[in-house]
Amino acid sequence: MSILSVTFHSPLDQLEAWQEYSKNVLPEMIANLMDVERYMLSDVESEMINEGHNTNLLLIFDSAEKRKDFVEIELLNISELIEQKFGDSIMIFTTYLNPQINKL
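Letter by letter, the sequence shown follows residues 767 to 870 of my numbering.
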């Protein structure tokens, strides 16, 4: 199992447009992804975020190879589509999670 966490950060001035996009467009993109075994799209709730809003996409793959392919191909495509819509105002952060112990 190989896991990837993708966080999308929206500044406050783009929040309304981003929330609409993340509820209507992003789920369709995610549903059409290949090689993703399981995923979860979430709003991030944190006391530490005062300057915007974060949305997180947690992706579970069968292997590190499929995760690598996703980052190099699918995530690049998703990033380009978001950039076309929002310019550079939506920041995208990836975190590679390598389970040591799990009970999934």
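Where a beta carbon is used, it is the ideal one built from N, C-alpha and C, also for glycine.
- Residue pairing by DSSP places D809 opposite T821 in a beta bridge.
- Taking the Cα of I769 as reference, the smallest distance to any Cα among F827, F859, E849 is reached at F827.
- Pairing K832 with N868, the inter-Cα distance amounts to about 19 Å.
- Counting the other CB atoms within 10 Å of its CB gives T821 a total of 16 or more, which places it among the buried residues.
- In the three-state scheme derived from DSSP, where H, G and I count as helix and E and B as strand, V837 is classed as helix.
- Taking a 10 Å sphere around the C-beta of L870, we find fewer than 16 other C-beta atoms and assign the residue as exposed.
- The C-beta of S812 has fewer than 16 other C-beta atoms within 10 Å across all chains shown, which makes the residue exposed.
- A distance of 8 Å or more separates the beta carbons of V791 and I858.
- Residue pairing of L770 in beta bridges, as defined by DSSP: L825, Y862.
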